[in-house]
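All the letters of the sequence shown, read from the start, carry residue numbers 49 to 190 under my numbering. Glycine included, C-beta positions come from ideal geometry on N, C-alpha and C. As structure tokens, the structure follows; a few thoughts come after it.
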Amino acid sequence: MEQLGVRIGEQLEAGDLLVLTGPLGAGKTTFTRGLAEGLGVRGPVQSPTFVIARTHPSLVGGAPLVHVDAYRLGSAAELDDLDLDLERSVVVVEWGRGMAEELADSWWDVEVERPVGSFDLDPSELDADAPRVVTIVRESIV
Numbered sequence: 049m050e051q052l053g054v055r056i057g058e059q060l061e062a063g064d065l066l067v068l069t070g071p072l073g074a075g076k077t078t079f080t081r082g083l084a085e086g087l088g089v090r091g092p093v094q095s096p097t098f099v100i101a102r103t104h105p106s107l108v109g110g111a112p113l114v115h116v117d118a119y120r121l122g123s124a125a126e127l128d129d130l131d132l133d134l135e136r137s138v139v140v141v142e143w144g145r146g147m148a149e150e151l152a153d154s155w156w157d158v159e160v161e162r163p164v165g166s167f168d169l170d171p172s173e174l175d176a177d178a179p180r181v182v183t184i185v186r187e188s189i190v
């Protein structure tokens, strides 16, 4: 997940919005760590669950990374109240589907799937190295 994030992060620029969706432990924050590395921003990148949003300034003169966890937010209005600098930052919103789409005219929808809750799975398949299916779609308001 992290290496995928690095490759994508190297291509991102100010104004890009990524909405990450996936179950607990799917790798959303790990993916974001990779994005941060690819963008060349200051770390460490940790889940912003309790602080809601963290800004990671660029170390290379590029756009900062704003990492948001919308899990505890109740509405798009609460997300908008964070007054995120969308134009001058790369913004990543975990758990943002259904809320973050109202922040911009276009965004990257990133869905991370991992094996969960099946009696047919070996428990070792649920660890950090278990395969993930990542679907990335460019979305826009029509």
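Asked                                                                                                      : Found
Span of the beta strand (DSSP E) around A125                                                               : First-last for A125: A124 to D128, but that is the alpha helix (DSSP H), not the beta strand (DSSP E).
Cβ distance (whole Å) where V141 is taken to contact L68 below 8 Å                                         : 7 Å
8 Å CB neighbourhood of L107 in its chain, flanking five on each side removed                              : G88, V89 and R90
Inter-residue spacing [alpha-carbon to alpha-carbon] between G82 and A152                                  : 23 Å
C-alpha gap between D133 and A148, whole angstroms                                                         : 13 Å
Contact under 8 Å by Cβ, V185 with D64                                                                     : no
Buried versus exposed, by CB contacts within 10 Å (16 or more), D131                                       : exposed
Cross-strand partners of D117 (DSSP beta bridge)                                                           : E142
T183, buried or exposed, once every other Cβ within 10 Å from all chains shown has been counted against 16 : exposed
Three-way DSSP call (helix, strand, coil) for A101 in this model                                           : strand
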